[in-house]
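Residue numbers (the numbering used here): 38 to 398.
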């Protein structure tokens with residue numbers, strides 16, 4: 038709690054939650070909570086773990102140039118990483134996941150972090166593709182304008198934040214994958230004023246990071262994009278199941294039209310949490326999920342209750358599972374988070390590796 042990043046994330050959550058709640062009728066929202074069919078959350082959780090299984094499969098494909106690891110070896114690491122992301126601000130859970138994989142499997146933490154960066158970029162690309170697909174059934178242009186008006190966030194800013202980071206990141210990653218000498222030369226010019234020992238360390242870590250981009254070369258990139266599609270279709274199916282639990286179909290044009298609406302909610306709510314901010318994306322997720330439903334016809338109170346329950350259903354099961362995996366391996370989450378988010382790279386076999394292993398146990 039002494040880390041300012043914790044308070045930054047908490048402040049971001051509070052701001053977005055305030056934007057979510059300031060216009061709702063709390064009695065109507067309480068009624069929406071009361072009338073939901075929570076039995077349907079059970080298959081919804083099952084659908085989420087199907088999506089998480091596809092994420093694990095995709096990650097295994099990314100890691101194959103570094104080390105071939107089976108599904109059973111990677112799934113606990115994936116669960117621990119998502120648990121950490123849900124509890125730590127500004128996506129520090131990504132560092133924890135790369136650290137935990139390095140501790141368990143001896144994979145370079147810098148290289149595995151590169152594969153996680155690839156994951157996030159591919160997720161953004163496919164979410165934007167989902168929005169484009171939704172445009173065939175929903176008025177996407179008017180949806181974007183109404184969403185900007187409902188949230189109070191300028192449309193131009195939303196468009197830039199949604200598209201530009203992924204486009205730039207994908208371009209940089211492809212350049213670094215095919216021509217790593219170019220960014221390494223740029224890095225050498227930037228680090229020239231640094232002490233030689235520190236500059237050498239930075240170059241070494243950068244080279245390890247770029248080695249993790251090997252999965253972007255050749256036809257593997259297309260395969261990774263194809264594997265990303267069922268990840269988000271599985272998650273959208275979960276959103277749909279929770280929507281049925283809240284009776285949203287009657288406000289959204291029926292069960293068939295709700296398919297398109299839930300694809301839109303999946304894209305907007307997750308693009309809103311793409312930039313590092315609050316713990317688990319709490320705040321931005323609820324605001325954009327509810328706002329998307331409101332502009333597409335759902336009552337604000339019902340949409341708010343849905344968004345809150347949906348996010349709890351997304352966060353709670355995988356968080357508990359990740360904590361259970363850490364506990365079964367006799368690891369402390371606090372120590373894992375502290376070690377995983379240290380800026381120095383403790384590579385397997387390096388001078389810091391034994392000490393790190395001992396402290397995390």
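Note that CB positions come from ideal geometry on N, CA and C, so glycine has one too.
Please read these numbers as outputs of a predicted model, since none were measured by experiment.
- For residue 59, there is no enclosing alpha helix (DSSP H), as DSSP marks it with neither H nor E.
- Remark: C-beta atoms of residue 276 and residue 299 approach each other more closely than 8 Å.
- Following the DSSP letters along the chain, one finds residue 316 in no alpha helix (DSSP H), marked with neither H nor E.
- Under the 8 Å Cβ criterion, the stretch 161-173 does not count as touching the stretch 130-147, having fewer than three qualifying pairs.
- Counting other Cβ atoms within 10 Å of its Cβ, residue 345 reaches 16 or more and is therefore classed as buried.
- By the Cβ test, the stretch 93-100 is not in contact with the stretch 342-358, since fewer than three Cβ pairs between them sit closer than 8 Å.
- Excluding the 5 residues flanking it on each side, residue 207 has same chain C-beta neighbours closer than 6 Å at 158, in chain order.
- For residue 60, the closest C-alpha among the options 201, 189, 212 is that of 189.
- By the C-beta criterion, the stretch 245-263 is judged to be in contact with the stretch 144-153, since at least 3 inter-stretch pairs fall below 8 Å.
- One Cα belongs to residue 93, the other to residue 86, and the distance between them is close to 10 Å.
- Residue 175 is not a Cβ neighbour of residue 328, given a cutoff of 8 Å.
- Using a C-beta cut-off of 8 Å, the stretch 109-127 makes no contact with the stretch 212-221, since fewer than three inter-stretch Cβ pairs fall below that distance.
- Annotation for residue 236: 228 place their beta carbon closer than 6 Å to its own, counting only its chain and skipping 5 residues before and after.
- Short of 6 Å from the beta carbon of residue 54, and not among the five residues preceding or following it, lie these beta carbons of its own chain, in chain order: 320.
- Restricted to the stretch 201-258, the alpha helix (DSSP H) segments that are unbroken, complete and at least 4 residues in length are 218-227, 233-248, listed in chain order.
- In this structure, residue 283 places its C-beta atom within 8 Å of the C-beta atom of residue 69.
- In this structure, residue 341 keeps its C-beta atom at 8 Å or more from the C-beta atom of residue 322.
- Within the stretch 84-133, the runs of alpha helix (DSSP H) that reach at least 4 residues and sit entirely inside it are, in chain order, 108-124.
- Here residue 131 has 153 as same chain residues with Cβ atoms under 6 Å from its own Cβ, once five neighbours each way along the sequence are excluded.
- C-alpha of residue 220 to C-alpha of residue 242: approximately 13 Å in a straight line.
- Separation of the CB atoms of residue 332 and residue 95 is rounded to 32 Å, and the pair is thereby denied contact status at 8 Å.
- Less than 8 Å divides the Cβ of residue 279 from the Cβ of residue 81.
- Membership of residue 191 in any alpha helix (DSSP H) is not indicated, and neither H nor E is assigned to it by DSSP.
- Residue 245 sits buried, since 16 or more C-beta atoms from the chains shown fall within 10 Å of its C-beta.
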